[in-house]
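Heads up, the thing below is written out as structure tokens.
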Amino acid sequence: MTIPELMHSANPYIENNIVFEVPQQLFLQPNGRNAYNQLIRQQVPINTYGVYLWENTITGEIVYIGMAGKVKTNGQLGSHSIENRLIASRGKVNGKDILTNDYISNFMQNSNVNSLTFHILKTNIQTPPSYLEAVLLYNFYTQNGVLPILNNSF
């Protein structure tokens with residue numbers, strides 16, 4: 016499944032989208048982790064909720080579909096914004112917290128990925144991010160029979 020195909024199913028639910036690249040070279044700089052965080056802060060508006068996709072820039076392979084923002088009881092979006100989610104911890108690996116910048120850097124290095132294209136899809140006010148994430152993962156799964164390589168479950 017390609018980004019244009021996923022965008023076709025996402026368009027009714029999004030307000031806007033932002034696209035930018037994260038080159039592996041960024042992480043090879045002396046302060047690469049901070050450079051990544053700075054890039055995210057520059058590209059992703061504060062308090063943006065929705066879905067984000069990571070695409071191998073060279074091959075066009077979608078490697079991850081994630082979301083940020085949960086609907087609270089009062090109907091407001093809360094929890095992590097996309098900016099926070101792309102900078103925060105991904106959880107524990109071998110008993111140690113791993114930040115998103117390290118997670119992405121390790122993936123790119125171990126998989127020989129030179130650049131990832133990030134697609135940020137801000138959901139419209141009527142669409143919970145979890146709904147759009149489910150639609151995109153479902154469409155990806157039904158077309159490919161598998162999830163994107165970095166998605167562990169659906």
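Under the numbering used here, the first residue of the sequence shown is numbered 16, with each subsequent residue one higher.
Even glycine gets a Cβ: it sits at the ideal position worked out from N, Cα and C.
I need the DSSP call for residue i, collapsed to helix, strand or coil.
i	result
Gly81	strand
Phe42	helix
Tyr51	helix
Glu20	helix
Asn166	coil
Beta-carbon separation of residue i and residue j under 7 angstroms?
i	j	result
Ile80	Leu151	yes
Val59	Glu98	yes
Leu147	Val66	yes
Tyr64	Ala50	no
Leu136	Ile29	yes
Arg48	Asn116	yes
Pro163	Val86	no
Met16	Phe169	no
Leu68	His134	yes
Taking the DSSP output, what are the residues bridged to residue i?
i	result
Asn31	Lys137
Val66	Met82, Leu136
Asn71	Leu131
Val59	According to DSSP, which records beta bridges pairwise, Val59 is partnered with nothing at all.
Glu36	Thr132
*asked:* Runs of 4 residues minimum, wholly inside the region 86-156: which ones carry the alpha helix (DSSP H) assignment?
replied: With a minimum length of 4 residues, the continuous alpha helix (DSSP H) runs that stay inside the region 86-156 are 97-100, 115-125.
*Should the region 104-114 be regarded as contacting the region 60-72, the criterion being three or more beta carbon pairs within less than 8 angstroms?*
Short answer: they don't touch.
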